[in-house]
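As structure tokens, the structure follows; a few thoughts come after it.
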Amino acid sequence: MSRLLVTGGAGFIGSNFVHYVLNNTDHSVTVLDKMTYAGNRASLDGLPADRFELVVGDIQDATLVDELFGRHDAVVHYAAESHNDNSLHDPRPFLDTNIIGTYTLLEAARKHGTRFHHISTDEVYGDLELDDPERFTEQTPYNPSSPYSSTKAGSDLLVRAWVRSFGVKATISNCSNNYGPYQHVEKFIPRQITNVLGGERPKLYGTGENVRDWIHANDHSSAVLTILDKGVIGETYLIGADGEKNNKDVVELILTQLGQSADAYDHVNDRPGHDLRYAIDSSKLRTELGWTPAFSDFEAGLADTIAWYRDNESWWKPQKAATEAKYQEQGQ
Numbered sequence: 005m006s007r008l009l010v011t012g013g014a015g016f017i018g019s020n021f022v023h024y025v026l027n028n029t030d031h032s033v034t035v036l037d038k039m040t041y042a043g044n045r046a047s048l049d050g051l052p053a054d055r056f057e058l059v060v061g062d063i064q065d066a067t068l069v070d071e072l073f074g075r076h077d078a079v080v081h082y083a084a085e086s087h088n089d090n091s092l093h094d095p096r097p098f099l100d101t102n103i104i105g106t107y108t109l110l111e112a113a114r115k116h117g118t119r120f121h122h123i124s125t126d127e128v129y130g131d132l133e134l135d136d137p138e139r140f141t142e143q144t145p146y147n148p149s150s151p152y153s154s155t156k157a158g159s160d161l162l163v164r165a166w167v168r169s170f171g172v173k174a175t176i177s178n179c180s181n182n183y184g185p186y187q188h189v190e191k192f193i194p195r196q197i198t199n200v201l202g203g204e205r206p207k208l209y210g211t212g213e214n215v216r217d218w219i220h221a222n223d224h225s226s227a228v229l230t231i232l233d234k235g236v237i238g239e240t241y242l243i244g245a246d247g248e249k250n251n252k253d254v255v256e257l258i259l260t261q262l263g264q265s266a267d268a269y270d271h272v273n274d275r276p277g278h279d280l281r282y283a284i285d286s287s288k289l290r291t292e293l294g295w296t297p298a299f300s301d302f303e304a305g306l307a308d309t310i311a312w313y314r315d316n317e318s319w320w321k322p323q324k325a326a327t328e329a330k331y332q333e334q335g336q
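Add 4 to a position in the sequence shown, counting from 1, and you land on the number used in the working numbering.
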């Protein structure tokens, strides 16, 4: 699998994967990205020209997708509309990209016999009670809460159907919440970091009791490479790093690491249908494929992430004002 096609590779998790692959393997990588607001060419700066190519295009473009599948050994499908708040405001782009786009890719994989890995989210499972001792597993029934998570659930089911009906050589991974470099400032952790760096107070949805299972983007990338190399066709693998933290604790930790008072944040309107808790059981991935996360210390990983945003203001600053204006309109 020396020639990889990565959809959505100019976005947050996709660009981290591209950097990880080019830094840790001999593979070449082609990125196919529509370059919406969530894609950033600067996230792909400094990559080796002899092993990297950027193609600007839409995964719904069947002609382009067919041409690209014809010259790659494997495809990793990160491309997705992924922001819950945006899906509540306008669900249609989520249907177009997450459902029709995935269908278009699967048809090309079917035609060319291409190895296909589909990136999904733990949000397809809905949420857990805060005091529930259980975690999501590969057997947990789907129970999505938002237009975003429902379209990701639909795309997962398409992949499963194309494996069973047409023999597509596909695997699926559902990952918990990622953090790390290159994440758009509309997302929770970079929004809070850049608020503090810009002299503004962080914003906390509701009471901040909602729990997320955080994983560093590099650990997500290493897990995906492991699945590409060792994963069983037709199987689903959950990716998590035992990083459960509630939003209040994360905001307070960001403030503390930036030398601010832990209570120097504002409460804002909660998100409609805000899931309570996500928690991933990644034991199948660890025991069957031998994967382990490198960033087991969330506080250390967060410190590295804060340092990256401090050192890369030119990357995030152009996005910041418009993002905050949109949140202000929503009372958030």
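In this text, a Cβ means the ideal position worked out from N, Cα and C, and glycines have one as well.
### Task
Please look up how many angstroms separate the CB atoms of Asp37 and Gly12, rounded, as I've assumed it's under 8 Å.
Confirmed, about 6 Å.
### Reference Asp136, options Asp160, Asn102, Asn214, Pro276, closest by Cα
The shortest C-alpha separation from Asp136 is found at Asn214.
### Task
Using beta-carbon positions only, say whether Ile258 and Ile243 come within less than 8 Å of one another.
No, Cβ-Cβ distance for Ile258 and Ile243 is not below 8 Å.
### Task
Compute the Euclidean distance between the alpha carbons of Arg337 and Pro206, then round it to the nearest angstrom.
There is no way to answer for residue 337, as the model of the chain reaches only from 5 to 336.
### Message
What does DSSP give as the partner residue(s) for Ala78 in the beta ladder?
### Response
Within the DSSP bridge table, the entry for Ala78 names Leu8, Arg119 as partners.
### Task
Please report the Cβ distance between Phe21 and Val80, rounded to the nearest whole angstrom; I am assuming they are in contact, meaning their Cβ atoms lie under 8 Å.
The pair is a contact, with the Cβ atoms about 7 Å apart (cut-off 8 Å).
### Query
Are the segment 171 to 191 and the segment 304 to 312 in contact at 8 Å, needing three or more beta carbon pairs?
They touch, by the three-pair rule.
### Query
Would DSSP call His178 helix, strand or coil?
It is worth fixing the name first, because residue 178 is Asn in this sequence and not His. Asn178: strand per DSSP, three-state reduction.
### Query
Distance, Cα to Cα, Tyr241 vs Gln143?
Tyr241 and Gln143 have their C-alpha atoms spaced approximately 10 Å apart.
### Query
Is Val272 helix, strand or coil when you go by DSSP?
Here DSSP, grouped into helix, strand and coil, assigns Val272 to strand.
### Query
Which residue or residues does DSSP assign as beta-bridge partners of Asn250?
Val215, per the DSSP bridge assignment.
### Query
In the structure shown, what three-state DSSP assignment does Val3 receive?
Nothing can be reported for residue 3, as the shown portion of the chain is limited to 5 through 336.
### Task
Counting only runs of 3+ residues fully inside the segment 264 to 316, write out the beta strand (DSSP E) ranges in chain order.
With a minimum length of 3 residues, the continuous beta strand (DSSP E) runs that stay inside the segment 264 to 316 are 270 to 272.
### Task
Could you pull out every residue in the same chain whose Cβ sits closer than 8 Å to the Cβ of Ile104, ignoring the five residues on either side in sequence?
Correct list, in chain order: Gln64.
### Query
Thr291: buried (16+ other C-beta within 10 angstroms of its C-beta) or exposed?
That one is exposed.
### Task
Let me know if Asn316 comes out buried or exposed under the rule of 16 or more other beta-carbons within 10 Å of its beta-carbon.
Exposed, because fewer than 16 other Cβ atoms sit within 10 Å of the Cβ of Asn316.
### Message
Assuming Ser91 is part of the alpha helix (DSSP H), what are its boundary residues?
### Response
Note, Ser91: alpha helix (DSSP H), 88 to 93.
### Query
Whose C-alpha, out of Leu110, Ser154, Gly263, Glu127, is nearest the C-alpha of Leu201?
With distances taken between Cα atoms, Leu201 lies closest to Gly263.
### Query
Roughly how many angstroms separate the alpha carbons of Ser149 and His278, rounded to a whole number?
For the pair Ser149 and His278, the Cα-to-Cα distance works out to about 8 Å.
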